[in-house]
Amino acid sequence: MANRVLIGEHDTHGHGLYVSKSGADVTGSTASNLSFSSHFTDSNSGIVSLNGEAFNVYSKGYTDITIDQGDILATGDITWNRSVFNDGSTDRCPLIFCQVGKTSGDTPTTHWLPCILSQKNQGGDERAGYGYRYTVRPYYTTTTGLLRITVSRGVTESGTTNNDADIDFRAFYTLLYTRLN
Amino acid sequence: MANRVLAGDHDTHGYGLYVSKSGVDVTAADNNYFLFDSNAAGMAQALLWKEVTLTSSSTSATITYANFGVRCYAIGTMSWCEALQDADDISCITEAASTARDTARWSAFGGKLPAGAADTGESVGFSLNNVDNEDDTGTITISYIDPVGRNKDICVQVLVFKEEV
């Protein structure tokens, strides 16, 4: 059985935590045999390496959004304190994942992929489509960043508004410590 | 308090390194609640999240990065201009503390959201082409898409993570 986990000094990669893929010896020198390494570096020009960091979560949660009868769009806002992502001199932009469930509940059975929310009907005409989109404004106010989630149930091809009843959505979000460079 | 870290022989999963989430005993059989599992087929690790600027006169950019000879995924989001804004207004990399700049924003898709049935959006976008150079590096080419000639600056944020196989 191959050695799979090394905590300590690796002969090639130095001190750290290393895990090899099944069947590969973690003490070997081939980086592609490692499923996890704490020693990823990148010296290519213009690259600020994240060094293989995990997607560590700062905060997570959900917000409910209701599109009222007769409307096609509704929004929900999440804010965070910019100082959380201050690197000592300037504020930084966090990576955020977001997903919208079709109905309310702790575990909606239907989750959408983001939709472009802009369908072209005819020449020069652009309309909202069924789905959602989220926009991140990292420096929205002097102290807070903003995640704005917009859900839509679209419009008909003729451009008239949707006149269906109220509909509820649940938007899940995750703010990560990963920062843009 | 639950056992959270196990380095050694797990009764169910064998030798390895395991970390469970808060409140879950790492010695239990169910590995659905492991934050770290050395028996996983691979572990996604972030390599870079970089922003580039494209304009109507500079319509592509490349990012060459270390991929360690394994498959890497690239995901892009973008920032877009409205009215007289340019790249400096929409870039999301950094801002001085206590200074607001609400024009900086990114989304999985660019463009202004239609606010009503008759409203229009913006029609600029981008494409990503991620190539394994087979020398432990990869190169991503980001290309500007502007089918209706809006000639607006965009910023594209490219997230790259490796997925070992």
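If you read the sequences in order, they're chains A and B. Residues 1 to 181, numbered by our numbering, are exactly what the first sequence covers, in order. Residues 182 to 346, numbered by our numbering, are exactly what the second sequence covers, in order. The beta-carbon is built from N, C-alpha and C at its ideal position, and this holds for glycine as well. This structure is a prediction, so every number in the text was calculated from the model and none was measured.
Distance between residue j and residue i (C-alpha atoms, nearest Å)
i      : j      : result
D25/A  : A225/B : 20 Å
L146/A : H10/A  : 43 Å
N220/B : Y196/B : 9 Å
A165/A : S203/B : 41 Å
N51/A  : S238/B : 33 Å
G257/B : G23/A  : 34 Å
E263/B : A277/B : 23 Å
F36/A  : K231/B : 22 Å
S158/A : I78/A  : Its pLDDT being 49, under 50, S158/A is placed unreliably by the model, and nothing is read from it.
Y325/B : S32/A  : 33 Å
S201/B : T150/A : 35 Å
D270/B : T236/B : 14 Å
Neighbour list for residue i in chain B, Cβ cutoff strictly below 9 Å
i      : result
A54/A  : L216, F217, M224, A225, Q226 and A227
S196/A : Residue numbering for chain A in the displayed model covers 1 to 181; residue 196/A lies beyond these limits and cannot be assessed.
Distance CB(residue i)-CB(residue j) smaller than 9 Å
i      : j      : result
W261/B : C273/B : no
T322/B : N314/B : no
T141/A : A289/B : no
L180/A : R82/A  : no
K343/B : L228/B : yes
R137/A : A285/B : yes
Neighbouring residues, chain A, relative to residue i (Cβ below 7 Å)
i      : result
V251/B : S32
G257/B : Those do not exist, as G257/B stays about 12 Å from chain A at its closest Cβ, beyond 7 Å.
A247/B : D42 and N44
Listed by chain order, chain A residues near residue i by CB distance under 9 Å
i      : result
L187/B : In chain order: nothing, as chain A lies at least about 11 Å away.
R331/B : Within 9 Å Cβ-Cβ: nothing; R331/B doesn't reach chain A, min ~12 Å.
S231/B : Reading off the sequence shown, one finds Lys at residue 231/B, where the question assumed Ser. Near K231/B (Cβ distances below 9 Å), the residues of chain A are G46, I47, V48, L180 and N181.
T240/B : Neighbours of T240/B on chain A: none; closest Cβ ~18 Å, over 9 Å.
Within chain B, the residues that residue i reaches when beta carbons sit closer than 8 Å
i      : result
T90/A  : T275, E276, A277 and A278
D210/A : With chain A running from 1 to 181 in the structure shown, residue 210/A is simply not present.
Neighbour list for residue i in chain B, Cβ cutoff strictly below 7 Å
i     : result
T12/A : What T12/A touches in chain B: nothing, since even the nearest Cβ is about 12 Å away.
Contact list for residue i against chain A, beta-carbon separation under 8 Å
i      : result
S288/B : R133, Y134, T135 and V136
T318/B : N44
Please determine if the region 238 to 250 of chain B and the region 41 to 48 of chain A are in contact, where contact requires at least 3 C-beta pairs separated by less than 8 Å. yes
Cβ contact check for the region 184 to 194 of chain B and the region 71 to 84 of chain A: 3 or more pairs under 8 Å: no
Short of 8 Å Cβ to Cβ, which residues in the region 190 to 205 of chain B face chain A? Y196, G197 and L198
Using a Cβ-Cβ cut-off of less than 8 Å, give me the residues of the region 261 to 273 of chain B that come near chain A, in sequence order. C273
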